[in-house]
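Student: In the order they appear, the protein sequences are chains A and B. So in my numbering, spot 6 of the first sequence is number 6, and the numbers just go up one at a time. So in my numbering, spot 547 of the second sequence is number 547, and the numbers just go up one at a time. Beta carbons: idealized from backbone N, C-alpha and C, even for Gly. Predicted model, so just to flag it, every value in this text is computed and none were measured. One structure, pasted below without further comment.
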Amino acid sequence: MRHTISILVENKSGALTRIAGMFSGRGFNIDTLNVGPTLDPTTSRMTIVVRGDDKVLEQVTKQLDKLIDVIDVQDFRDEEYVDRELVLLRVTATSKTRPEVMQICDIFRAKIIDVQPETLAIEVTGSESKINKFLLLMDRFGIKELTRTGKVALPRSND
Amino acid sequence: MKTRKSSASAKSTSPDRGQVMDGAEILVSCLEREGVEVVFAYPGGASMPIHQALTKSKKIRTILPRHEQGGVFAAEGYARVTGRAGVCMATSGPGATNLVTGIADAYMDSVPLVAITGQVPQEMIGRGAFQETDMFGMTLPVVKHSYLVWDISELPRIVKEAFYIAQSGRPGPVLIDIPKNIQVAKAQPIYPREISLRGYRPEKKADDVAIQEMIGLIEGAKKPVIYCGGGVITGEASRELIEFAERTQIPVTTTVMGIGSFPETHPLSLKWLGMHGSVYANNAANEADLLLAIGVRFDDRVTGKVEKFCEHGTIVHIDIDNSELNKNKLVKLPILSDLKYALQRANAILEKMGRKRVAKNHTRFPEWYAQIAKWKAEHPFSFQDTEDVILPQYVIRELYNLTKGDAIITTGVGQHQMWAGQFYDFDKPRTFITSAGLGAMGFGFPAALGAKIAFPDKQVIDIDGDGSFLMNIQELATAHVEGVAPKAIILNNQHLGMVVQWEDRFHGSNRGHTFLGDPKDLKRIYPDYVEMCKGFGVKCERVLHKKDVPAALKRLLESKETYVLDIMTPYTEHVLPMIPSGKTYKDIITEPHTPRTKTA
Numbered sequence: 001m002r003h004t005i006s007i008l009v010e011n012k013s014g015a016l017t018r019i020a021g022m023f024s025g026r027g028f029n030i031d032t033l034n035v036g037p038t039l040d041p042t043t044s045r046m047t048i049v050v051r052g053d054d055k056v057l058e059q060v061t062k063q064l065d066k067l068i069d070v071i072d073v074q075d076f077r078d079e080e081y082v083d084r085e086l087v088l089l090r091v092t093a094t095s096k097t098r099p100e101v102m103q104i105c106d107i108f109r110a111k112i113i114d115v116q117p118e119t120l121a122i123e124v125t126g127s128e129s130k131i132n133k134f135l136l137l138m139d140r141f142g143i144k145e146l147t148r149t150g151k152v153a154l155p156r157s158n159d
Numbered sequence: 001m002k003t004r005k006s007s008a009s010a011k012s013t014s015p016d017r018g019q020v021m022d023g024a025e026i027l028v029s030c031l032e033r034e035g036v037e038v039v040f041a042y043p044g045g046a047s048m049p050i051h052q053a054l055t056k057s058k059k060i061r062t063i064l065p066r067h068e069q070g071g072v073f074a075a076e077g078y079a080r081v082t083g084r085a086g087v088c089m090a091t092s093g094p095g096a097t098n099l100v101t102g103i104a105d106a107y108m109d110s111v112p113l114v115a116i117t118g119q120v121p122q123e124m125i126g127r128g129a130f131q132e133t134d135m136f137g138m139t140l141p142v143v144k145h146s147y148l149v150w151d152i153s154e155l156p157r158i159v160k161e162a163f164y165i166a167q168s169g170r171p172g173p174v175l176i177d178i179p180k181n182i183q184v185a186k187a188q189p190i191y192p193r194e195i196s197l198r199g200y201r202p203e204k205k206a207d208d209v210a211i212q213e214m215i216g217l218i219e220g221a222k223k224p225v226i227y228c229g230g231g232v233i234t235g236e237a238s239r240e241l242i243e244f245a246e247r248t249q250i251p252v253t254t255t256v257m258g259i260g261s262f263p264e265t266h267p268l269s270l271k272w273l274g275m276h277g278s279v280y281a282n283n284a285a286n287e288a289d290l291l292l293a294i295g296v297r298f299d300d301r302v303t304g305k306v307e308k309f310c311e312h313g314t315i316v317h318i319d320i321d322n323s324e325l326n327k328n329k330l331v332k333l334p335i336l337s338d339l340k341y342a343l344q345r346a347n348a349i350l351e352k353m354g355r356k357r358v359a360k361n362h363t364r365f366p367e368w369y370a371q372i373a374k375w376k377a378e379h380p381f382s383f384q385d386t387e388d389v390i391l392p393q394y395v396i397r398e399l400y401n402l403t404k405g406d407a408i409i410t411t412g413v414g415q416h417q418m419w420a421g422q423f424y425d426f427d428k429p430r431t432f433i434t435s436a437g438l439g440a441m442g443f444g445f446p447a448a449l450g451a452k453i454a455f456p457d458k459q460v461i462d463i464d465g466d467g468s469f470l471m472n473i474q475e476l477a478t479a480h481v482e483g484v485a486p487k488a489i490i491l492n493n494q495h496l497g498m499v500v501q502w503e504d505r506f507h508g509s510n511r512g513h514t515f516l517g518d519p520k521d522l523k524r525i526y527p528d529y530v531e532m533c534k535g536f537g538v539k540c541e542r543v544l545h546k547k548d549v550p551a552a553l554k555r556l557l558e559s560k561e562t563y564v565l566d567i568m569t570p571y572t573e574h575v576l577p578m579i580p581s582g583k584t585y586k587d588i589i590t591e592p593h594t595p596r597t598k599t600a
């Protein structure tokens, strides 16, 4: 099972290593990890997607909470949060296939951000299922390169 | 856990400023403010300024160990017997890396420790400078917290936080890595009055509802057992535990870390459980219908195959560390709490219920006591006594009789460690000092040194093996030069006894580099500890015959200075009972090993 965890951490050097090290040292698997600043410049927010059952998740949450640089840990359950991921990719697009690629981009509200003779650079944001669907469709044309932000999440309300 | 709260009482809000001084002096002034009385510090290029500042301190005694590992183990010994943070210090690079084993040891056994290391100057960091090691990165998995000081103005806050974190909640080691340029820079320190750590809230107090639920479970139990550990000692909850056991009349077994938390001479004591624990403790814990796990972590050396441990019983687990609850064992009732608080609440409720303290002649669970008494009679800790050969168990029992249990015992790691736990009875917390979780050989003697510095008037004795003792033998120099008088008993079997035991049991007695003597001269006792001690200026005598043991022990106990006994013991002796790794209490071995006769 995959879980999304949001962690508020002290914005201090070493905090990221400490958290990442805790995962590897205790044998937990990270699918994606995203870090960025928050409204408060002294804190950062990390969004981590973890693989494991409820027992693993309980341990991950508790071990994170134990770290002194970790201020708050939220384990997002279904429906309680919204999440997005941003993906940049370069897809093969000749003059023949370009219209179809662009059409699919339109449907998915993806943006073409660069055009080269043989390729298109595309930016797409969305939920996991949307991104997966989009990538599946693009695969047919040939994805040359791909970079993803990992999931970022926000609770629907602040309780 | 005693936490110094000197700052909390200070009401003044004006900042507490010191004189302008260099970073090293600021550090030393901060250590003095924390009440540090001794540091174990080995100097080097990147920590020299701190040593210069230490020479000017009137409050802090600086002990020069002869190896940084000896220093950190001594600081741990000090911390384990006092409950206050031990402080050790080393220079950058190799000095710092030599501390790592001790830091890991303190982490595994939840020992409050502040380790301070010198670091290369800030502008040299990351360039592969002479004696540069990323100590912050290297110790990340084995510290409770760590700091790399990046600005001299942060130093007072960092030191204050470090001591607070090390000593509060579940204690542990904290590292402070200080670049040399910060040690020599000048500044006016501002000492913080308060600590504000928004990600750290160590105070945990159980809800009365949970305590009531636990007491409800006790009311319905027929075969209850208390299984308690090091948390009771670090939580200073031993008195409350004894009261709780006497009010509920429940038998108590401890982990190795918990030895001394409950008096082993108490009628309710089952001594300790686990791989080499008593048969009756293992049987009782596994067959209990209610297991009260207090300040423990369901370590594999205790549980064996963890799924099978206390398989049919209801388990209540009280701990101050939330991450220990449901980590190794899923339990029915996890209670997150400071142990002293939880036990005080439980005792108060029990008192209201009219459950009086009963110190002996317990009557509440008669069938259960009878069953336990039967196990005790069938399988006491025992050994086959001999005419002349000196058995290690005999030496320890004799030492117990002579000291009447009034001593601090430290150990190395291996057979002697287990025998020390089995054949010496511990009635008080902080008297059995051992590397339990990490199992770090070489711990015993330096730990005894640190303990003796904390309690110079107490008898402090390292019960050691020849392998372990050799690993930090250089600390004899520290003991001699500093005039500290820890004692040491080497149970010398010329082998790595515990590994030999495993070879005997599981590898057909094939010796895989477990002989420590001189293969070219098997008749000679090697190395010659008597001669080595002489070189260090330390008294040592070799004991070869059983009849000489009591007198030799007396000389050791009466000596005003460090004294070493090199007692020759057979390597064929096994620690019993033994639950093989990953097995259950039903697989316990109680029979001595019969060597297979060789057929060509």
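Return the residues of the segment 318-331 of chain B that lie within a Cβ-Cβ distance of less than 9 Å from chain A, sorted by chain order.
Tutor: Asp321, Asn322, Ser323, Glu324, Leu325, Asn326, Lys327, Leu330
Student: Have a look at B:Pro173, B:Tyr227, B:Leu438, B:Leu449 and flag the residue whose alpha-carbon is nearest the alpha-carbon of Gly77 of chain B.
Tutor: B:Leu449
Student: Rank A:Arg2, A:Thr4, A:Val70 by C-alpha distance to the C-alpha of Glu10 of chain A and give the top, closest one.
Tutor: Ranking the options by Cα distance to Glu10 of chain A, first place goes to A:Val70.
Student: Can you give the Cα-Cα distance for Ser168 of chain B and Arg51 of chain A, rounded to whole angstroms?
Tutor: In this structure, the CA atom of Ser168 of chain B is about 33 Å from the CA atom of Arg51 of chain A.
Student: Could you check where the beta strand (DSSP E) with Thr603 of chain B kicks off and where it finishes?
Tutor: Residue coverage of chain B in this structure runs from 1 to 600, which leaves residue 603 of chain B outside it and unanswerable.
Student: Classify Phe506 of chain B as buried or exposed, calling it buried when 16 or more other Cβ atoms lie within 10 Å of its own Cβ.
Tutor: exposed
Student: Return the CA-CA distance between Tyr526 of chain B and Leu470 of chain B, expressed in angstroms with no decimal places.
Tutor: Between Tyr526 of chain B and Leu470 of chain B, the alpha-carbon positions lie close to 11 Å from each other.
Student: Got a sec? Which residues, its chain only, sit under 6 Å from Ala342 of chain B by beta carbon, not counting five neighbours each side?
Tutor: These residues qualify, in order along the chain: Ala206, Ile318.
Student: Kindly say whether Thr255 of chain B, judged by its beta-carbon, lies nearer than 8 Å to any beta-carbon of chain A.
Tutor: no
Student: Against chain A, which members of the segment 195-227 of chain B pass a CB distance test of less than 9 Å?
Tutor: Answer set for the segment 195-227 of chain B: Leu197, Arg198, Gly199, Tyr200.
Student: Just reading off the alpha helix (DSSP H) that Tyr394 of chain B is part of, what are its end residues?
Tutor: It spans 392-403 - the alpha helix (DSSP H) in which Tyr394 of chain B sits, taken as one unbroken run.
Student: Since I believe Asp83 of chain A is in contact with Lys151 of chain A (beta carbons under 8 Å), could you give me their beta-carbon distance rounded to a whole number of angstroms?
Tutor: 5 Å
Student: Since Ile338 of chain B and Ile320 of chain B are thought to touch, with beta carbons under 8 Å apart, how far apart are those beta carbons, to the nearest angstrom?
Tutor: The question names Ile, yet the displayed sequence has Asp at residue 338 of chain B. Yes, they are in contact, since the Cβ atoms of Asp338 of chain B and Ile320 of chain B sit about 5 Å apart, within 8 Å.
Student: Taking the alpha-carbon positions, what's the Tyr200 of chain B to Val143 of chain B distance?
Tutor: 15 Å
Student: So the candidates are B:Trp502, B:Gly535, B:Gln417, B:His495; which of them puts its Cα closest to the Cα of Leu516 of chain B?
Tutor: Nearest option by C-alpha distance: B:His495.
Student: List, in chain order, every chain B residue whose beta-carbon is nearer than 9 Å to that of Glu118 of chain A.
Tutor: The contacting residues do not exist; Glu118 of chain A stays about 41 Å from chain B at best.
Student: Are the segment 373-381 of chain B and the segment 528-545 of chain B touching, with three or more C-beta to C-beta distances below 8 Å?
Tutor: Contact between the segment 373-381 of chain B and the segment 528-545 of chain B is absent, with fewer than three C-beta pairs closer than 8 Å.
Student: Just checking Tyr341 of chain B against the ligand SAM - is the residue's beta carbon closer than 7 Å to any of the ligand's heavy atoms?
Tutor: As far as ligands go, the structure on display features none, and thus does not contain the ligand SAM.
Student: Per DSSP, Tyr227 of chain B is paired with what?
Tutor: B:Thr253, B:Ala293
Student: Run through DSSP, which three-state label would Leu136 of chain A get?
Tutor: helix
Student: Whose C-beta lies closer than 7 Å to the C-beta of Ala75 of chain B among residues of the same chain, with five residues either side of it excluded?
Tutor: Phe40, Gly86, Val87, Cys88, Leu113, Gly450
Student: Using a Cβ-Cβ cut-off of 8 Å (strictly less than) and excluding sequence neighbours within five positions of Pro41 of chain A, which residues of its own chain qualify?
Tutor: Asn11
Student: Buried or exposed for Met1 of chain A, going by 16 or more other Cβ atoms inside 10 Å?
Tutor: exposed
Student: Determine the direct distance from the alpha carbon of Val460 of chain B to that of Ala485 of chain B, and round the result to whole angstroms.
Tutor: 8 Å
Student: Is there contact here, the segment 179-191 of chain B with the segment 144-157 of chain B, by at least three beta-carbon pairs under 8 Å?
Tutor: yes
Student: Leaving out five residues before and five after Cys228 of chain B in sequence, what residues of the same chain have Cβ atoms less than 7 Å from its Cβ?
Tutor: Within the same chain, Cys228 of chain B has close Cβ partners Leu241, Val252, Thr254, Gly258, Ser261, Phe262, Ile294, Gly295, Val296.
Student: Give the straight-line distance between the Cα atoms of Tyr563 of chain B and Lys546 of chain B, rounded to the nearest whole angstrom.
Tutor: 19 Å
Student: Is it the case that the segment 386-402 of chain B contacts the segment 546-556 of chain B, given that we only count it when at least three CB pairs across the two stretches are under 8 Å?
Tutor: Counting Cβ pairs under 8 Å, three or more are found: they touch.
Student: Starting from Gly52 of chain A, find everything on chain B with Cβ-Cβ shorter than 8 Å and list it in chain order.
Tutor: Within 8 Å Cβ-Cβ: nothing; Gly52 of chain A doesn't reach chain B, min ~14 Å.
Student: Have a look at B:Pro580, B:Asp300, B:Pro141, B:His574 and flag the residue whose alpha-carbon is nearest the alpha-carbon of Phe383 of chain B.
Tutor: B:His574
Student: List, in chain order, every chain A residue whose beta-carbon is nearer than 8 Å to that of Ile165 of chain B.
Tutor: Ile68
Student: Closer than 9 Å by beta-carbon distance: list the chain A residues that pair up with Leu140 of chain B, in chain order.
Tutor: Gly14, Thr17, Arg18, Gly21, Met22, Gly25
Student: Mind checking who Thr147 of chain A pairs with in its DSSP beta bridge?
Tutor: A:Leu88
Student: Hey, Val331 of chain B and Val316 of chain B: beta-carbon distance below 8 Å or not?
Tutor: Yes; because the gap between Cβ atoms is below 8 Å, this pair is in contact.
Student: Which residues in the same chain as Ile158 of chain B place their Cβ atom closer than 7 Å to its Cβ, once the five residues preceding and following it in sequence are excluded?
Tutor: Tyr147, Val149, Ile176
Student: For His480 of chain B, I'd like the list of residues in its chain whose CB is within less than 7 Å of its CB, leaving aside the five on either flank, ordered along the chain.
Tutor: Phe536, Gly537, Val538, Thr562
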